[in-house]
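S.K.:
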Amino acid sequence: MSTTTAHLDVRGMSCANCSETVSEALRSLDGVEEANVNFATDEGSVTYDPERVSLGDIYDAVESAGYDPVEATASIGISDMTCANCAETNREALESTPGVVRADVNYATDEANVVYNPADASRTDLYDAVESAGYTPVREDESGDGDEEDARDAARNAEIRRQKRLTLFGAALSVPLLAMLVFHLFAPGVLPETVPGTDLPFGWVAFALATPVQVVLGREFYENSYKALVKNRTANMDVLIALGSSTAYLYSVVALLGVLPNAGLYFDTAALILVFITLGNYLEARSKGRASDALRKLLEMEADTATLVEDDGTEREVPLDDVDVGDRLKVRPGEKIPTDGVVVSGESAVDESMVTGESVPVSKSEGDEVVGSTVNQNGVLVVEATKVGADTAIQQIVETVKEAQSRQPEIQNFADRISAYFVPAVIANALFWGGVWFAFPEALATFVNGLPLWDVVVGGPAAAGGPVSNFEFAVLVFASSVLIACPCALGLATPAATMVGTSIGAQNGVLFKGGDILERVRDVETVVFDKTGTLTKGEMSLTDVVVVDSRTDGGETAADGGQLTGERPDRTEESVLRLAASAESGSEHPLAQAIVEGARERGLDVTDPESFENVPGHGVRATVDGRDVLVGNRKLLSDEGVDPSPAEDELRRLEGEGKTAMLVAADGELVGVVADADTVKESAAAAVSALRERGIDVRMITGDNERTARAVAESVGIDPENVRAGVLPDDKADAVEEIQSDGSRAMMVGDGVNDAPALAAAFVGVAIGSGTDVAIEAADVTLMRDDPRDVVKAIRVSEGTLSKIQQNLFWALGYNAAMIPLASLGLLQPVLAAAAMAFSSVSVLTNSMLFRRYTPDHDYRLLGFLRGED
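Every letter in the sequence shown is one number past the one before it in full-length UniProt numbering, and letter 784, counting from 1, is 784.
Right, dumping it as structure tokens:
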């Protein structure tokens, strides 16, 4: 038994007991021979058997114990991948590297996302692993300070140019071969038997044209086949192409040399196979580049420079990389905000559509947060930088989307299982049918002779140009069967659609943590909303001012709309609100601040109280303009000898609407009621309605009281019976698990902070309105805007992407299901098989690219897209 030792850095330990807890958690793993963790150095070592336990299991054990193992993430571009099997080979090579926790390789993006232990592995080790597997990594600075996107774009563009050059070279030599084929099929006898003026058979001209194509275009297929078969002991698409092309070429060479008398020559077939495949690779490389345009456009929106305001007030332009946290930056109208920050002076409207998908500019003034790369529209702002470089919102959005694209949906496992056995099965099928056609040609010819295609394919006994031998026809069947069955389309079906779907989500302010999450969202049956900050705005505001008359003659009249029969001059909405606001101006309580802010918005003069006393849990006592003022609950007024009963009906009405009502008394008389509420977001009702129309059960969980919770639920269209009120943050997770106890798949939507346990417990956790903090660990989906309707957008993007994946898989599997039998029955020329195989991958990518037109303002409809509708 061979063991491996991993060295870990562990964060979060505060005592020796912590280190022992981690050590015990590691020792409990089957396969761990020894584990020692040192609290003093925050380091540990683990000796384990990699055949029984993985480094990923070790990291999970540390996290399960409640601590944080240090890890690093690297995104590596990989050249030379030609199919899903190549991606799987790279994944296995990376995960077998000491220090690698896990690796995901995406064939559609030509990238690997690797999580590794920086104590035992480095980027160089990861590059070496890719190279040892026979592929070319896009090397970047070990520090990660290099411009990764430029390096990958350069590598991608270089590959596109290389494939284009190869295609043009092959086409130039193959056009004469194609002309010779046309003459042979449709005008036999026109071409001479020998080269004019010589005794050299004309077939040598075909040999001279086809050989450079075989050497130049075929080289990479032969090299990749060798690496796949010998180094990695697997078979990929390159093996199929090399087999098909070389079979036709070598058979023709043998026939040209006279070893096989009267045998046909297929130099044209051998060359055209490689040309069509290379053309397909060129088109595929271009399609992959277009698929990544959305992310590149986001990065291109970053400012290149910033105007730095020095301490002495002078200004100078500096590169964006030179901006540090705390620097003050001037942003003029029309300029991009260089980095995330807070406005310290100025007012303006900012276009944040590139981050949130919201087309309406957002007003910004002193104290407001701004997001880097958004556009300042009409005023001068001075912004203090709070996040720079990789910590900015735009960079984190890109990283989140990249991670999502590397984590594939579960449906990809189905395609991967097929691809793993596909190439060997194809070769076995080709050998079988080639052998059958060689051994029993008459029986099979009798069966297929009546089929429509039989008379037009090359190789049939009645084909133009005369019959061929049994061996020759068997070779053609083998070559066609190998070439037609490429797993490329199958391997691209899921990652190509996922790449586009996650990009669409990012452009509309919806960030999926992984392709698996993107798939999971579609299956949600219940959506559970938190109340405060999710369905409501999360901040108190003044909603009602009611005048109450408590005259001693018994003529008590509650105000209707703030007016009062027999109104006294000192009993108006303005006078009541001014008294309450002036009294509350000495308090820091959110309810008090809402009253003060509401009075100022109405243009009232709020003065400082001459005296002020806070009565905890009940209200405030103050002197305003020489009058003794009370603002608070029933008990406060009763204790001061003021009867609150004349306002009881109003209190009950307001509290029934989910508002917090406070009584106002002056000089021992009840004068009115003011009410605050956390107002419901304008879009909340529309979001709930859209979800219910889709047949999704909508619920609400909140820590607020029952009466307020039900009032908010009724206002947005949630059945009050689906409301759980008075739930503490730690108990919300239990409430979500209770909802899911019958197997229901629930989506929890919260603010991503207090709701973290519930977000983690849900089938899908959604953090809403997280602003620039786009990396909430507990959430599976992050919504950049404070808009509940984006929950519906997330579901629509998920459904649309899964629909596109299913379309791709249908065409990929349908293509192979239809073409493999045709080739096996001798009804498909090798040239046509190669062309069909090459364009199958392009068709899948093209189908995925069409999805880029989709916007999640409506459900995805395939027929609508085919008609050109939005």
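A virtual CB, placed ideally from N, CA and C, is assigned to each residue, including glycine. These figures come from a predicted structure and were not determined experimentally.
Confirm, please, whether the CB-CB distance from residue 524 to residue 938 is below 8 Å.
M.R.: In the structure displayed, the chain extends from 1 to 870; residue 938 sits before or after that span and is not available.
S.K.: With a threshold of 16 other CB atoms inside 10 Å of the CB of residue 194, please say whether the residue is buried or exposed.
M.R.: The residue is exposed, with fewer than 16 neighbouring Cβ atoms inside 10 Å.
S.K.: Beta-carbon within less than 7 Å of residue 531's beta-carbon, same chain only, minus the 5 sequence neighbours each way: which residues are those?
M.R.: So the qualifying residues of the chain are 700, 702, 704, 709, 712.
S.K.: Using a Cβ distance threshold of 8 Å, determine whether the region 319–336 contacts the region 380–389, with at least three qualifying pairs required.
M.R.: Taking 8 Å as the limit for Cβ pairs, the verdict is that the region 380–389 does touch the region 319–336.
S.K.: Quick one, are the C-beta atoms of residue 380 and residue 332 less than 8 Å apart?
M.R.: Yes, these two residues count as a Cβ contact at 8 Å.
S.K.: Based on the DSSP secondary-structure assignment, which residues constitute the bridge partners of residue 44?
M.R.: BP columns for residue 44 point to 8, 37.
S.K.: Is DSSP giving residue 681 helix, strand or coil here?
M.R.: If DSSP states are grouped into helix, strand and coil, residue 681 belongs with coil.
S.K.: Can you say whether residue 157 is buried or exposed, counting buried as having 16 or more other CB atoms within 10 angstroms of its CB?
M.R.: Residue 157 comes out exposed.
S.K.: Can you tell me which of the three DSSP states residue 649 falls into?
M.R.: Helix, per DSSP.
S.K.: Is it true that the CB of residue 801 sits closer than 8 Å to the CB of residue 535?
M.R.: For residue 535 and residue 801, no; Cβs fall outside 8 Å.
S.K.: Between residue 276 and residue 252, is the Cβ-Cβ spacing less than 8 Å?
M.R.: No, Cβ-Cβ distance for residue 276 and residue 252 is not below 8 Å.
S.K.: Buried or exposed for residue 679, going by 16 or more other Cβ atoms inside 10 Å?
M.R.: Answer is buried; the Cβ neighbour count reaches 16.
S.K.: Counting beta carbon pairs with one atom in the region 94–112 and one in the region 71–83, are three or more of them shorter than 8 Å?
M.R.: Enough Cβ pairs lie closer than 8 Å, so yes.
S.K.: Using CA atoms only, rank isn't needed, just tell me which of 607, 690, 585, 10 is closest to residue 859.
M.R.: That would be 690, whose Cα lies nearest to the Cα of residue 859.
S.K.: Identify whether residue 17 lies in helix, strand or coil by the three-state DSSP scheme.
M.R.: Helix.
S.K.: Under the DSSP definition of a beta bridge, which residues are partnered with residue 328?
M.R.: BP columns for residue 328 point to 309, 384.
S.K.: Output the distance between the C-alpha atoms of residue 722 and residue 686, rounded to the nearest integer angstrom.
M.R.: Residue 722 and residue 686: Cα-Cα distance of roughly 18 Å.
S.K.: For residue 786, count neighbouring Cβ atoms within 10 angstroms of its own Cβ and tell me buried if that reaches 16, exposed if not.
M.R.: The residue is buried, with at least 16 neighbouring Cβ atoms inside 10 Å.
S.K.: Please report the residue range of the alpha helix (DSSP H) in which residue 592 lies.
M.R.: From DSSP, the alpha helix (DSSP H) with residue 592 extends over 590–601.
S.K.: Please go through the same chain and pick out, in chain order, the residues whose beta-carbon is closer than 6 Å to the beta-carbon of residue 529, but skip the five residues on each side of it.
M.R.: Contacts found: 535, 700, 749.
S.K.: Please classify residue 537: does DSSP put it in a helix, a strand, or coil?
M.R.: Of the three classes helix, strand and coil, the one that applies to residue 537 here is strand, per DSSP.
S.K.: Please determine if the region 756–768 and the region 813–833 are in contact, where contact requires at least 3 C-beta pairs separated by less than 8 Å.
M.R.: Counting Cβ pairs under 8 Å, fewer than three are found: no touch.
S.K.: Report the three-state DSSP secondary structure of residue 854 (helix, strand or coil).
M.R.: Residue state, collapsed to three classes: coil.
S.K.: In the DSSP assignment, what residue or residues form a beta bridge with residue 363?
M.R.: Answer is 349, bridged to residue 363.
S.K.: Given a cut-off of 8 Å, decide if residue 22 and residue 44 are closer than it, judged by their beta-carbon atoms.
M.R.: Yes, Cβ-Cβ distance for residue 44 and residue 22 is below 8 Å.
S.K.: With 16 other CB atoms within 10 Å as the buried threshold, where does residue 513 fall?
M.R.: When all chains shown are included, residue 513 counts as buried.
S.K.: From the DSSP output, in three-state form, read off residue 701 for me.
M.R.: Correct three-state label for residue 701: strand.
S.K.: In chain order, what residues of the same chain lie with their CB nearer than 7 Å to the CB of residue 793, ignoring the 5 residues before and after it?
M.R.: Answer for residue 793: 508, 510, 856, listed in chain order.
S.K.: Could you tell me which of 341, 137, 819, 601 sits nearest to residue 898, measuring between CA atoms?
M.R.: In this structure the chain extends from 1 to 870, so residue 898 is not present and cannot be described.
S.K.: If you reduce the DSSP assignment to three classes, tell me which class residue 53 lands in.
M.R.: Residue 53: coil per DSSP, three-state reduction.
S.K.: Which residues mark the beginning and the end of the alpha helix (DSSP H) in which residue 220 is found?
M.R.: It spans 219–226 - the alpha helix (DSSP H) in which residue 220 sits, taken as one unbroken run.
S.K.: Can you find the residues in the same chain that come closer than 6 Å, C-beta to C-beta, to residue 745, ignoring five residues on each side of it along the sequence?
M.R.: Contacts found: 523, 524, 525, 763.
S.K.: Mind the definition here: the region 819–832 touches the region 474–488 only if three or more C-beta pairs lie below 8 Å; say whether that holds.
M.R.: Flag = yes, the region 819–832 and the region 474–488 touch.
S.K.: Please check the pair residue 620 and residue 582, which I expect to be a contact at CB under 8 Å, by giving their CB distance rounded to whole angstroms.
M.R.: At roughly 11 Å, the Cβ-Cβ gap does not stay under 8 Å, so residue 620 and residue 582 are not in contact.
S.K.: Would the C-beta of residue 172 count as close to the ligand SAH, meaning under 7 Å from any of its heavy atoms?
M.R.: The ligand SAH is not among the ligands present in this structure, which contains no ligands whatsoever.
S.K.: When burial is assigned at 16 or more other CB atoms within 10 Å of the CB, is residue 616 buried or exposed?
M.R.: It counts as exposed.
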